[in-house]
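Encoded as structure tokens, the structure appears first; notes follow it.
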Amino acid sequence: MTMNPPKLTHPAEALILAKLAPAVIDRARQLRLMIFDVDGVLTDGRLWYGEHGELMKGFHALDGHGLRLLRESGIEVALMTGREGPIVARRAAELGISLVFQGVRDKGQAIVALAQERGFELSEVGYMGDDIIDMAALQRVGFAASVPDAPAYVSQIVHWVSNRPGGSGAVRDCCDLILAAQGRLGGFLAGGTARLSGAIQ
Numbered sequence: 005m006t007m008n009p010p011k012l013t014h015p016a017e018a019l020i021l022a023k024l025a026p027a028v029i030d031r032a033r034q035l036r037l038m039i040f041d042v043d044g045v046l047t048d049g050r051l052w053y054g055e056h057g058e059l060m061k062g063f064h065a066l067d068g069h070g071l072r073l074l075r076e077s078g079i080e081v082a083l084m085t086g087r088e089g090p091i092v093a094r095r096a097a098e099l100g101i102s103l104v105f106q107g108v109r110d111k112g113q114a115i116v117a118l119a120q121e122r123g124f125e126l127s128e129v130g131y132m133g134d135d136i137i138d139m140a141a142l143q144r145v146g147f148a149a150s151v152p153d154a155p156a157y158v159s160q161i162v163h164w165v166s167n168r169p170g171g172s173g174a175v176r177d178c179c180d181l182i183l184a185a186q187g188r189l190g191g192f193l194a195g196g197t198a199r200l201s202g203a204i205q
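Shown next, in the form of structure tokens:
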């Protein structure tokens, strides 16, 4: 059932939402918690190794800013990855994200548990992922998102796919969509960065 059209606060919100199906906008409007995979979503998926193990990951500043905008708007943000390492924890700390889950193999069950813990219905939870390990989570949440280079069997089960590759602004696209659908993006566009607390990341 389609909800009433969102009350837009800035012309850019209409631009973002213009090409989206009303059902996708409705799903994004309900979100109170958005969860992101890391490798292939917040990064380009490449793993850089030195002689002592994983050395670095590349994160995009646009994505970091988008995650900050979500948090500043009152939408909870979490990172959930099947891998483990200090790099993700450090990036999350820089962005003020306290909900960080590493080494998660059953992401579907983990998201159900997290939603219950935070007091959210699954219709109020979104997830962005790109691979087989993400499919159970993508099939359970109210809003499922992915990246253009994900396998077809992943992209065909989600509600929305970014035009930008993972690690190159896909997460920012997703954040802007959610904020526009909820009529929250306009306040940041009108006020610049004055509303943001802390440093821009």
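Take 5 as the starting number for the sequence shown in the working numbering and just add one per residue.
Here a beta-carbon is modelled for each residue, glycine too, at the ideal position from N, C-alpha and C.
Burial is judged here by how many other beta carbons sit within 10 angstroms of a residue's own beta carbon; Q186 has at least 16 and is buried. One alpha carbon belongs to A184, the other to E55, and they sit about 44 Å apart. Between A27 and G171, the alpha-carbon positions lie close to 27 Å from each other. In this structure, the straight-line span from the alpha carbon of E128 to that of G112 is close to 15 Å. A direct Cα-to-Cα measurement between V104 and A16 gives close to 31 Å. According to DSSP, residue pairing for F192 in a beta bridge does not occur.
Straight through space, the alpha carbons of D134 and A154 are spaced by roughly 5 Å.
Among the bridge pairs identified by DSSP, A82 is matched with I39 and L103.
Counting C-beta atoms within 10 angstroms of its own C-beta, A149 has 16 or more neighbours from the protein chains shown and is therefore classed as buried.
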